[in-house]
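Residue numbers (this note's numbering), protein chains in the order written: chain A, 1 to 425; chain B, 1001 to 1467.
Okay, here's the thing in structure tokens:
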């Protein structure tokens, strides 16, 4: 088990993040949602207490327990008023190590999740992003939805949860980050107590093959009635920090669409007023993640906005960043980095993330220095190598009868086109 | 009895100026009028920090919390103007300024403001609500002078011509589509307030009605700017690694020449008491029904606001709360339940929402909510329950104070709405003092069926009703 501690005595709060190296990519095929269901069920009855009693016991101590299941990491957040840290950590440890996994509670949880999946269809941006990932990572675990689907949830039973917990919830698989009103020794003591009752190991092997770029240009139109606005994503495979050109692509992406005055925002919002937001992103994960552009134009502007974005992407691919853009973005990234490390919890989470995602040594510590060293040639080469305008997925939510033909025309030469109902999951 | 001893008639010995008085005396040397600084005392901000209060001669309030724990400064400018100050037909103007203020000034060409800030490594944004508008920059500490200069510039020198207005109008119309037209919860919340308030400005949406957005003119904007964007209607908050004397000197230099405005008497129309429940139904392209309820709530300064917040936490705070347990866990009627006691200057709403599971009717959600509400009206909270609720609220209040930006936001909000920059800590104390009687009184005072508005949301046929 790895433990990281960052003391800060300004506020009487102690925070612990417990991450297990397991996520939705470990869901068995056909049982998507199992990792998330396991994490959520943990607190619904444990250590001799029922679901309500667990919640009441944590609340009474001024404590908060959260959980998040990502692609490759399951993270439990614990935060508590410092005076109650001992009692809270003991209670949390009992929950972690002694879940009841009551079959009745599992049934409740799965029905609740089904309701959430149906309600999530009201979130157009979320729908567009799901459509993008399904198409971009077709056949790869990164295409999965951590919450699962209506069908996969119905295939999950108590034995699945017990087995999943038994395989993955152990000390070898755990990373703990502690910050707040503790010193180093006290932080380590609390971390040890939190996981003391868990079995020793073994660590979960990474089950994920490196995702490959999807050839061709593909359009996925999620059809939803009565839309006045489209949610529009354009995406392709990105990079991992271990790639030599990752930081160069990060710098170039920030210049292209990472700030309020970047090229994408300037053209889409500032000049034309077509979308409230216009951003390009390059997130990191344990493997290569997604490069995305996002806008939300009114339906009347959707086709023109897509055409503009594809044109901007092609121009960027062809011409790279300008020297002025590069100088600007280096200043921006270098100076704003202070906000990535201005609190103890941010600093300690950087350390946890570096371990969990296999970041190269010194990734965060040498970030500013390495950003400043990126040259125009490196940035342009990274864009040309990693992003190909002929190898894209375009995913949007809108009303197909009104926009379908215009959007398809704006999308250019396509290798596939798909229309999905908005309740496709 | 007064002393008549000779000692009492002598002139008092020379007394050293307090450090703050000496600071102000140095800073005021050679300055006149609007640029002269007055020290208005300090306020403890929790157990560790202090907020120092100053005011310029032109009325600008300045609040400074020095915290050198990170090499950053959060710089906030809070204007005491929000959507409540607008007039029918021109709704959304306060929010529109949140956009215009990042545009052109007589000293900075269009696009330069954001570019300069980003090049300095700053995070910047703004927010508008019913009672206030604020702008903020989080900057590396050595860039504070730049921010002070730029904020003072746009307080007085904004360019408001047709191209600027047209460009931002399109962006705001798109923001409205994003947050309201194509968002079920956003549109339902708008309908709830429109139905609940017939007179007070809280009844119209902060983003404005679409037809009003489409009708703004440069003259509308110029009039609003001249009226409300003035130093005597603003509070500057600085939190972080601030060199106090240098920062104040820069503020004097940048803002000292600005003229104060003749602030209008607010033509506020208090909402008359509500004596009958209002209920509306609306059909949305959603697969699940939901309900939104707004009881007449207290103003933030009301003596029972903290007590009603405790009641709300007992009903909606976390998975152990009454409503979550009843509607989500046990009866399996809802996927999500929320409650919030409005934090407005005038009496607002105590909002409750419940999002139904597939196939659950809005009436069933409302009935279940009513049963939970009846529980806190008919009997006091349990002792353990009250303890639990107070602990949750205390943690929540502390969580918002971790960053410089979080502290600056709390200071600016409380100073603008109630006049107390340390109000967030006063709030923690007030919640600690709430007892079972207070909570019961507040529940009975505000959870009155006749004084509520309900919106029942039907699932539109086109959206499909079943998984």
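Cβ atoms here follow ideal geometry from the backbone N, Cα and C, with glycine treated the same way.
Not a single CB atom of chain A sits nearer than 8 Å to the CB of residue 1283 of chain B. A contact is defined here as three or more CB-CB pairs under 8 Å, and the segment 1295-1313 of chain B meets this definition with respect to the segment 1338-1353 of chain B. According to the DSSP secondary-structure assignment, residue 1061 of chain B is paired through a beta bridge with B/1055 and B/1235. Residue pairing of residue 1049 of chain B in beta bridges, as defined by DSSP: B/1045. Contact between residue 238 of chain A and residue 14 of chain A is absent: CB atoms are separated by about 35 Å, not below the 8 Å threshold. The distance from the Cβ of residue 74 of chain A to that of residue 33 of chain A is about 13 Å, inconsistent with a contact at the 8 Å cut-off.
Approximately 6 Å separates the beta-carbon atoms of residue 228 of chain A and residue 298 of chain A; this is inside 8 Å, confirming the contact. Contact annotation: the segment 1415-1433 of chain B touches the segment 1386-1405 of chain B, with at least three C-beta pairs closer than 8 Å. For the pair residue 1261 of chain B and residue 1085 of chain B, the Cα-to-Cα distance works out to about 16 Å.
Per the coordinates, the alpha-carbon of residue 1394 of chain B lies some 8 Å from the alpha-carbon of residue 1431 of chain B. Closest in C-alpha terms to residue 68 of chain A, from the list A/38, A/60, A/54 and A/97, comes A/38.
Rounded to whole angstroms, residue 259 of chain A and residue 1110 of chain B show a C-alpha spacing of 16 Å. Linking residue 118 of chain A to residue 104 of chain A through their CA atoms gives a straight-line distance of about 22 Å. Apart from the 5 residues on each side of it in sequence, residue 1376 of chain B sits with its Cβ closer than 8 Å to the Cβ of 1311, 1314, 1315, 1322, 1439, 1440, 1443 and 1447 in its chain, given in chain order.
For residue 1067 of chain B, no beta strand (DSSP E) encloses it, and the DSSP letter there is neither H nor E. Nearest to residue 1163 of chain B by C-alpha distance, out of B/1373, B/1219, B/1137 and B/1128, is B/1219. The three-state reading of DSSP puts residue 46 of chain A in strand, counting E and B together. Only residues of its own chain outside the window of five on either side were considered, and among them 1157 and 1159 have a CB closer than 7 Å to the CB of residue 1106 of chain B, listed in chain order. Using beta-carbon distances, residue 1399 of chain B counts as an interface residue toward chain A, with a partner under 8 Å.
Beta-bridge analysis with DSSP links residue 1139 of chain B to B/1073.
Residue pairing for residue 2 of chain A: DSSP places it in a beta bridge opposite A/175. Chain-order list of chain A residues neighbouring residue 1355 of chain B: 119, by C-beta distance under 7 Å. When the beta-carbon positions are compared, residue 84 of chain A and residue 61 of chain A come within less than 8 Å of each other. Comparing C-alpha distances from residue 1095 of chain B to each of B/1429, B/1057, B/1062 and B/1130 shows the shortest one belongs to B/1130.
Residue contact with chain A for residue 1443 of chain B: absent (no Cβ-Cβ distance below 8 Å to any residue of chain A).
In this structure, B/1353 is the residue among B/1353, B/1381, B/1359 and B/1380 with its C-alpha nearest to the C-alpha of residue 1370 of chain B. Per DSSP, residue 253 of chain A is one residue of the alpha helix (DSSP H) stretching across 246-257.
Residues of chain B with a Cβ closer than 9 Å to the Cβ of residue 11 of chain A are, in chain order, 1046, 1048, 1398, 1399, 1401 and 1402. Note on geometry: alpha-carbon atoms of residue 126 of chain A and residue 422 of chain A lie some 11 Å from one another.
Beta bridge pairing from DSSP links residue 337 of chain A with no other residue.
Within the same chain, Cβ atoms closer than 6 Å to the Cβ of residue 1232 of chain B are found at 1059 and 1260, the five residues on either side in sequence being excluded. By the C-beta density criterion, residue 1185 of chain B is buried, having at least 16 other C-beta atoms within 10 angstroms. For residue 1226 of chain B, no beta strand (DSSP E) segment is defined; the enclosing uninterrupted segment is the alpha helix (DSSP H) at 1218-1228. Nearest to residue 1408 of chain B by alpha-carbon distance, out of B/1078, B/1033 and B/1041, is B/1078. The C-beta distance from residue 176 of chain A to residue 17 of chain A rounds to 7 Å, short enough to fall under 8 Å.
Listed in chain order, the beta strand (DSSP E) runs fully inside the segment 288-355 of chain A are 290-297, counting runs of at least 3 residues.
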